[in-house]
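Chains as they are written, first to last, in our numbering: chain A, 1 to 171; chain B, 1001 to 1030; chain C, 2001 to 2143. Backbone N, C-alpha and C define an ideal beta-carbon position, used for all residues, glycine too. Written out below as structure tokens is the structure these notes cover.
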């Protein structure tokens, strides 16, 4: 991962569900659904990805991580049925980037998640390319509303290259 | 060198001692 | 919750990535460094207590260490990305930045820019027989 990359930093802020394996004294503020000062083993809560990674080392696991809802089997079936109808910005907004990061936890579903991420991208790519190349002088927000951040930057890059080509043609 | 000096002067030297090093293998863009 | 202030810096920078450069957030940077000191001091206390036999503090120590690393990464990313914008401005505006841009740079960023100018000028002078201004004619001519 790129240490200085802003998108990477923001996508690692997304939350993952975790279960505590060791007591966490005086860290009760991490669990928004409880007023306790301490967190007992077995407590379920959500933590930002960067924090879950830090507390989940192979050496001493303070928390164990579970697959977030939008990457589980139920949602993967929806993507398989028709990836184009899904609002990935609402599920994300760093759907692909965050999904890729989750693979580092090597959960049971990781292989399926990896395949699903790739296939979802492939299924949606054609429409992103077509829309970006055919929407030169019109409002594009409706075309990008449901795209995740990576897809939006692809859309912008595609539009930019179209504008550049037009400028070159009429220079 | 210019950039590293900047990071050191603005941030790194004000951080706890064990965090003041800029690890090249971690921070180099991939 | 820790590391919120540094995230604000990152979000502020992300919003300004359309080419504009917001003023250097000196207050924000100072607050992040203060938070790091507080985290580190608490960790030192807990580590000493652990050495003296108190148990169960490991989670707290690991949590604070992770927060320290996160703060460091985000703070450096804030500085790095601002320098990247300033570097692009050198190629776009030349060696003298417009006043409204320059006023948003910190003193250290102005120093960095001055050194960058010198490095770039020195490099361009070394090219060919009489030097070559690489910042001119960046787009190919019509022909």
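{"query": "Are residue 103 (chain A) and residue 97 (chain A) touching if we call contact CB-CB under 8 Å?", "result": "no"}
{"query": "Would residue 37 (chain A) be called buried (16 or more neighbouring beta carbons within 10 Å of its own) or exposed?", "result": "exposed"}
{"query": "Using the Cβ count rule (16 or more neighbours within 10 Å means buried), how would you classify residue 2001 (chain C)?", "result": "exposed"}
{"query": "Express the C-alpha separation of residue 133 (chain A) and residue 139 (chain A) in angstroms, rounding to a whole number.", "result": "13 Å"}
{"query": "By alpha-carbon positions, which one of B:1010, B:1027, B:1001, B:1019 ends up nearest to residue 2107 (chain C)?", "result": "B:1010"}
{"query": "Kindly give me the distance between the Cβ atoms of residue 154 (chain A) and residue 128 (chain A), rounded to whole angstroms, as I take these residues to be in contact under 8 Å.", "result": "6 Å"}
{"query": "Spell out whether any CB of chain A is found under 8 Å from the CB atom of residue 2073 (chain C).", "result": "yes"}
{"query": "Which of the residues in the region 2089–2108 of chain C, read from start to end, lie with their CB under 7 Å from any CB of chain A?", "result": "none"}
{"query": "At 7 Å on the CB atoms, spell out the chain C contacts of residue 4 (chain A), in chain order.", "result": "2076, 2077, 2080, 2081"}
{"query": "At a Cβ threshold of 8 Å, is residue 1029 (chain B) touching chain A?", "result": "yes"}
{"query": "CB residue 16 (chain A) to CB residue 52 (chain A), shorter than 8 Å?", "result": "yes"}
{"query": "List, in chain order, every chain B residue whose beta-carbon is nearer than 8 Å to that of residue 2119 (chain C).", "result": "1002"}
{"query": "Could you tell me whether the Cβ atoms of residue 2060 (chain C) and residue 26 (chain A) are closer together than 8 Å?", "result": "yes"}
{"query": "Using a Cβ cut-off of 8 Å, which residues of the region 2044–2063 of chain C contact any Cβ in chain A, in chain order?", "result": "2056, 2057, 2058, 2059, 2060, 2062, 2063"}
{"query": "Residue ranges of each alpha helix (DSSP H) run of no fewer than 4 residues wholly in the region 2082–2142 of chain C, ordered along the chain?", "result": "2099–2102, 2107–2125"}
{"query": "Give the C-beta separation of residue 21 (chain A) and residue 57 (chain A) to the nearest angstrom, bearing in mind that I take them to be a contact with Cβ-Cβ under 8 Å.", "result": "Contact flag wrong, Cβ pair sits at about 12 Å."}
{"query": "Can you tell me where the alpha helix (DSSP H) holding residue 2039 (chain C) begins and where it ends?", "result": "2026–2051"}
{"query": "Starting from residue 1026 (chain B), find everything on chain A with Cβ-Cβ shorter than 8 Å and list it in chain order.", "result": "3"}
{"query": "In the DSSP assignment, the alpha helix (DSSP H) including residue 140 (chain A) goes from what residue to what residue?", "result": "That residue, residue 140 (chain A), is in no alpha helix (DSSP H); it is neither H nor E in DSSP."}
{"query": "Across which residues does DSSP place residue 39 (chain A) in a beta bridge pair?", "result": "A:24"}
{"query": "Is DSSP giving residue 129 (chain A) helix, strand or coil here?", "result": "helix"}
{"query": "Taking Cβ-Cβ distances shorter than 7 Å, what residues in chain A pair up with residue 1951 (chain C)?", "result": "Nothing in the structure corresponds to residue 1951 (chain C), since chain C is present only between 2001 and 2143."}
{"query": "Give me the residue from C:2093, C:2143, C:2040 with the minimum Cα distance to residue 1020 (chain B).", "result": "C:2040"}
{"query": "Determine the DSSP secondary structure at residue 15 (chain A), reduced to helix, strand or coil.", "result": "strand"}
{"query": "What's the gap between the Cα of residue 2038 (chain C) and the Cα of residue 40 (chain A)?", "result": "25 Å"}
{"query": "Only counting the same chain, and skipping five residues up and downstream in sequence, which positions put a Cβ closer than 7 Å to that of residue 2124 (chain C)?", "result": "2131, 2132, 2133, 2134"}
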